[in-house]
Amino acid sequence: MAAESPTDRTAPPAPSAASLTASLADERVDHRFKALPPDAEGLTVGALAAERRNLFTGGFTTPVLALSAESVAHNLDLLETYAERHGLAFAPHGKTSMSPQLFADQLERGAWGITAAVPHQARVYRAYGIGRIFLANELVDPVALRWLAGEMTSDPAFRFVCYVDSVRGVELMDEALSAAGATRPVDVVVELGAGEGARTGARTEADCAAVADAV
121 MAAESPTDRT APPAPSAASL TASLADERVD HRFKALPPDA EGLTVGALAA ERRNLFTGGF
181 TTPVLALSAE SVAHNLDLLE TYAERHGLAF APHGKTSMSP QLFADQLERG AWGITAAVPH
241 QARVYRAYGI GRIFLANELV DPVALRWLAG EMTSDPAFRF VCYVDSVRGV ELMDEALSAA
301 GATRPVDVVV ELGAGEGART GARTEADCAA VADAV
């Protein structure tokens, strides 16, 4: 493992929104697609989108999440400008949308990478070519760490960062990565719990120092 200092905001080449949209548009609508009209089953996503059905009368089942392209573009521009002005390396959280098209747009606007909450989300990100992932969580699951070791070995450009908040957690990561034959260190950030009753994070500066020493 290695301590991380994410100062470089230049992301590796990201899949374009157009290429991701093209591949997803060829998928057939079926039971896996939430809220889409039942009578659209068998159509490709692209064909259904081309029909431009009315959200209220086009057979969609509620609830339906709809995004305004104009508002999304405005928010992307605003955050890109803010991050540039303040020298921030920003990794937007992807767990709510799980949208490869949105990820690609965010990366094209200067995002350092995409944030995940749990390992299976990171696997989805990798399936769509996301080159930098920040896991806003600790990672001690040996199965997930074995998968991570394989991803990092097969793709030298792939960057992964996660939290550590205990010496034991560092030890468990090291054991699992060693058993998996990891060939590259995993970058980590020592998490400090904020406020009383914090769910995770080291509780004191001394705890943080001990975790950093363990890394």
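Residue numbering for the sequence shown is 121 to 335, as defined by my numbering. Beta carbons: idealized from backbone N, C-alpha and C, even for Gly. This structure is a prediction, so every number in the text was calculated from the model and none was measured.
Residue i - containing alpha helix (DSSP H), residue span
i	result
Thr235	Not the alpha helix (DSSP H): Thr235 falls in the beta strand (DSSP E), residues Ile234 to Ala236.
Pro239	Pro239 to Ala247
Val335	Neither: Val335 is in no alpha helix (DSSP H) and is coded neither H nor E.
Phe210	Here Phe210 belongs to no alpha helix (DSSP H), and DSSP marks it neither H nor E.
Leu163	Counting along the chain, Leu163 falls outside any alpha helix (DSSP H), and DSSP gives it neither H nor E.
Ala224	Pro220 to Glu228
Where residue i sits in the DSSP three-state scheme
i	result
Asp150	coil
Ala322	strand
Thr273	helix
Leu312	strand
Thr127	Its pLDDT being 49, under 50, Thr127 is placed unreliably by the model, and nothing is read from it.
Val281	strand
Thr201	helix
Asp307	strand
Cys328	helix
Asp294	helix
Ala137	Any reading at Ala137 must be qualified, since the residue scores a pLDDT of 49, below 50, and its modelled position is unreliable; no value is offered.
Leu265	helix
Ala145	helix
Ala299	helix
Gly289	helix
Boundaries (first-last residue) of the beta strand (DSSP E) holding residue i
i	result
Asn257	Arg252 to Glu258
Supposed contact pair residue j and residue i - C-beta distance, whole angstroms, cut 8 Å
i	j	result
Gly313	Ala322	6 Å
Ala236	Ile253	6 Å
Ala193	Ala211	Ala193 to Ala211, Cβ: 20 Å. No contact.
Leu163	Val149	5 Å
Asp261	Val281	Not quite, the Cβ-Cβ distance comes to about 16 Å (not below 8 Å), so this is no contact.
Ala247	Leu255	In fact, because the Cβ distance is near 16 Å, the residues do not count as touching under 8 Å.
Val165	Leu144	6 Å
Glu258	Tyr283	5 Å
Would you say the region 295-313 touches the region 263-271, given that touching needs at least three Cβ pairs under 8 Å? yes
4 or more residues per run - each alpha helix (DSSP H) lying fully within the region 165-195: 165-171
May I ask you to verify whether the region 168-176 touches the region 198-209, counting CB pairs closer than 8 Å and requiring at least 3? no
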